[in-house]
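Notes follow once the structure below has been shown.
Residue numbers (the numbering used here): 755 to 1157.
What follows is the structure, given as structure tokens:
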């Protein structure tokens, strides 16, 4: 075998690499991204001092006494420890003590984090200093209004106990909301199941478009109703390092983050392919989230074989709305099947069993636990083709720019 490629794996579980070996007759191209260098701590502080669409954070905090930090969970790849250290220090300098700061993990319909996951995501010192609470979409939500599109906004009751709300999240391509981040920290992040169900099932979303997007617009209206005062949006590179940060107004700061993310994630790629190798890092912790990597197939309608690499140390994962037992479970499965059309999907994972695979993917899907098995299946399926293989090593944060 001649073609040898390494791809990253196991976000939150050691960030190791997987060796991929291809036969000599495979025409393989590895499409790596731009890999922008990380920013230093001064850039984080600068984002707070020169926000987009609002007064500086210290000015906004005048007369405020209690601050709630709403933050994304472990299914998102950003390590938030340094950002939180700087943010909490800034709050302390504004006269807000640790006792009057709380972190609400806006996990939407996901499960709470374990103690080890909290330390990895937020840092041990922050977890020791600041109380961390978890949103529960099934209970303790209060009704605060309705969006113009009809979504009832049931927000976590903890929100009403604080007079200043800060959202902290990452910006990644998203199939429904255009990009993640911004108002998503409120809806679905901190809303009750009724709100999330209405938003997710009533409107059409648009991949990579946050402006012409009814789902996103509805989320942003909900964030206004909830009173989100300051939005912090981070963009990462292929190593999960923050390479851009945009803070301020929940819409204006988010849009600048999206523009930056689009540039960072843009990946030089060939015009066509017979098969795509789609590595789900840095969202490869669980299969439910790893499936987002498949969005990249939109750029290659001619690719008849898709290989999803998904290490998934947390196995299938949990989603109260779209996972097993959820109200949109069957709808989610049908959506995946429809999007695949006549393409053959291979999932390469050492941790997923077939029963778990069938929670999201059609029975025609091939599951392989050994890379040699993948090569054997590919060789058979691509026998009459030129075997053009395109590899996307960090597919969830890549946007192909075809030559």
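Cβ atoms here follow ideal geometry from the backbone N, Cα and C, with glycine treated the same way.
Nearest to residue i (by Cα), restricted to the options the options
i: residue 774; options: 765, 784, 767, 888; result: 784
i: residue 837; options: 979, 795, 1150; result: 795
i: residue 1118; options: 1095, 1106, 1138; result: 1095
i: residue 878; options: 866, 1034, 979, 834; result: 834
i: residue 1113; options: 1091, 1014, 1097; result: 1091
i: residue 780; options: 1056, 995, 1141; result: 1141
i: residue 790; options: 999, 1079, 1107, 1056; result: 999
i: residue 1100; options: 1077, 1086, 1033; result: 1033
Proximity below 9 Å, CB of residue i to CB of residue j
i: residue 1036; j: residue 1148; result: yes
i: residue 909; j: residue 920; result: no
i: residue 801; j: residue 986; result: yes
i: residue 903; j: residue 963; result: no
i: residue 887; j: residue 858; result: yes
i: residue 891; j: residue 935; result: no
i: residue 947; j: residue 905; result: no
i: residue 1001; j: residue 832; result: no
i: residue 1211; j: residue 959; result: The requested residue 1211 is not part of the displayed model; the chain covers only 755 to 1157.
Between the CA atoms of residue j and residue i - distance to the nearest angstrom
i: residue 1136; j: residue 777; result: 12 Å
i: residue 1059; j: residue 1006; result: 39 Å
i: residue 913; j: residue 871; result: 23 Å
i: residue 1133; j: residue 1139; result: 10 Å
i: residue 873; j: residue 829; result: 14 Å
i: residue 894; j: residue 821; result: 19 Å
i: residue 1051; j: residue 1026; result: 11 Å
i: residue 810; j: residue 926; result: 25 Å
i: residue 819; j: residue 845; result: 10 Å
i: residue 980; j: residue 772; result: 43 Å
i: residue 965; j: residue 1009; result: 8 Å
i: residue 782; j: residue 1130; result: 16 Å
i: residue 799; j: residue 759; result: 38 Å
i: residue 982; j: residue 1106; result: 38 Å
i: residue 978; j: residue 881; result: 28 Å
i: residue 918; j: residue 1110; result: 41 Å
i: residue 929; j: residue 1075; result: 16 Å
i: residue 996; j: residue 804; result: 18 Å
Sequence-distant residues of the same chain with beta carbon closer than 7 Å to residue i, five excluded per side
i: residue 755; result: Here the model assigns residue 755 a pLDDT of 42, short of 50, so the residue's position is not dependable, and the following value carries that caveat. Only 775, 776, 777, 778 meet the Cβ criterion.
i: residue 896; result: 908, 909, 911, 914
i: residue 944; result: 824, 858, 860, 889, 909, 910, 913
8 Å CB neighbourhood of residue i in its chain, flanking five on each side removed
i: residue 770; result: 762, 763, 764
i: residue 1054; result: 1026, 1027, 1030, 1144, 1154
i: residue 952; result: 904, 905, 906
i: residue 847; result: 812
The ligand GDP heavy atom lying under 8 Å from the CB of residue i
i: residue 1125; result: Here there are no bound small molecules, and the ligand GDP is not part of this structure.
The stretch 982-994 in contact with the stretch 1012-1026 per 3-pair CB rule at 8 Å: Yes, since at least three Cβ pairs between the stretch 982-994 and the stretch 1012-1026 fall closer than 8 Å, the two stretches touch.
Three CB pairs or more closer than 8 Å across the stretch 1066-1084 and the stretch 1037-1047: When Cβ pairs closer than 8 Å are counted between the two stretches, the stretch 1066-1084 is seen to touch the stretch 1037-1047, the count reaching three or more.
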